[in-house]
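Quick note: to get this note's numbering, add 1 to the position in the sequence shown (first position is 1).
Each residue gets a CB set at the ideal place from its N, CA and C atoms; glycine is no exception.
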Amino acid sequence: MANDTSPDTPSPTLSDGEQNIPRHVAIIMDGNGRWAEKRHQPRIMGHRAGVEAVRGVVEGCSKKGVEVLTLFAFSSENWRRPKQEVSLLMELFMTALGREVKRLHKNNVRLRVIGDIKGFNKALQKRIAKAQTLTQENTGLTVVVAANYGGRWDITQAAKHLAAQVQAGELSVEDITPEHMADGMSLADLPEPDLFIRTGGESRISNFLLWQLAYTEFYFSDILWPDFNRDALDDAIASFATRQRRFGRTGQQVEQSKANATLEKTC
Ligand code: FPP
């Protein structure tokens, strides 16, 4: 199994002094439009300001020792927005990718894009491929950008992959496990998200990582995405650090296994 985090094996968080740091943070960056509207500006100005916030959060996660940061940049459903907003967003992705990738590379960040990339124009597809190739050997923070992505699309891709294996006689239906499904999905080679953040005051997951968020801790913030700064990220991580993750076990079992681990360390 490629995924090293499952409900049976709680995600080992990293230690930053006394604080537990999530290995993988996944974010729905909501509130760009309202941020701009509040300032009587066109919505695209909010998305532009959103790119600045992305920069701050990438730096914050790198400094804290987060291993993976997944950002929901464009959902499969965002094509339903006004044509002009969609085309300005595409332009913004093009310029942001061109401009930011050098900085990311310099900072040892690995960039990955998940989603149905074929839905984008050829120039954007090319730029995505170039950015991924340039940064693929980097060993610092992995930034995953979910673009033309949907959780249901992701699960469907995995189901198709399994169906093809069954059809080819490589796998029998009876032998299919949740791990087979997980292996066929985006992020299969990365730890599952420990912390999910949604900004902008909405409390839903909007077809984001439906499969991968099964055991993730949720954090909802009223802050509009362009205002989500390093302090806001620290607050989210501090909230995560107070959570007891049980993965189906009782609180007592969790405390006992923690005590055993401490004992093992000191012996
Ligand atoms: C949701 O806010 C935001 C988006 C659909 C776009 C997110 C894109 C960025 C932050 C910029 C680019 C990011 C990268 C990684 C290159 P909304 O428009 O739904 O806000 P609203 O709810 O206030 O209308």
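Coarse secondary structure for residue i, derived from DSSP in three states
i, result
"leucine 135", "helix"
"serine 76", "strand"
"threonine 71", "strand"
"phenylalanine 221", "strand"
"aspartate 5", "Bear in mind that the predicted position of aspartate 5 carries a pLDDT of just 42, short of 50, making it unreliable; the figure below should be weighed with that in mind. Aspartate 5 falls in the coil class under three-state DSSP."
"valine 114", "strand"
"arginine 247", "coil"
"asparagine 261", "helix"
"arginine 56", "helix"
"arginine 82", "coil"
Contact test: residue i Cβ vs the ligand FPP heavy atom, cutoff 6 Å
i, result
"histidine 48", "yes"
"valine 146", "yes"
"asparagine 108", "no"
"methionine 30", "yes"
"valine 55", "yes"
"valine 87", "no"
"valine 52", "yes"
"leucine 125", "no"
"alanine 97", "yes"
"glycine 141", "no"
"alanine 132", "no"
"asparagine 33", "yes"
"leucine 70", "no"
Own chain residues within Cβ distance below 6 Å of residue i, not counting five before or after
i, result
"glutamate 218", "Leu196, Phe241, Arg244"
"leucine 191", "Val69"
"histidine 25", "Val69, Pro192, Pro194, Asp195"
"phenylalanine 229", "Ala54, Thr200"
"serine 222", "Thr200"
"leucine 172", "Gln166"
Own chain, CB closer than 7 Å to residue i, minus 5 neighbours either side, in chain order
i, result
"isoleucine 234", "Strictly speaking, residue 234 in this sequence is leucine, with isoleucine absent from that position. Contacts found: Val58, Gly61."
"glycine 51", "Met30, Asn33, Trp226, Pro227"
"arginine 153", "Asn208, Leu211"
"histidine 48", "Asn33, Leu90, Leu93"
Identity of the residue in the options nearest residue i by Cα
i, options, result
"alanine 74", "Lys65, Glu68, Leu90", "Leu90"
"leucine 210", "Pro23, Leu264, Ala27", "Ala27"
"methionine 182", "Gly170, Ser204, Gln213", "Gln213"
"threonine 140", "Val67, Ile115, Asp184", "Val67"
"serine 207", "Lys64, Asn21, Asn79", "Asn79"
"isoleucine 115", "Glu138, Met95, Ser88, Ser76", "Ser76"
"isoleucine 22", "Lys65, Ala165, Ala159, Ile45", "Lys65"
"serine 187", "Leu135, Thr71, Glu38", "Thr71"
Same chain, Cβ closer than 8 Å to residue i, five either side skipped, listed in chain order
i, result
"tyrosine 307", "The requested residue 307 is not part of the displayed model; the chain covers only 2 to 268."
4 or more residues per run - each alpha helix (DSSP H) lying fully within the segment 138–172: 152–168
Which ranges does the alpha helix (DSSP H) cover as unbroken runs of at least 4 residues, wholly within the segment 173–219, from first to last along the chain? 179–184
Unbroken beta strand (DSSP E) runs of length 3 or more, entirely within the segment 16–51: which are they? 20–22, 25–29
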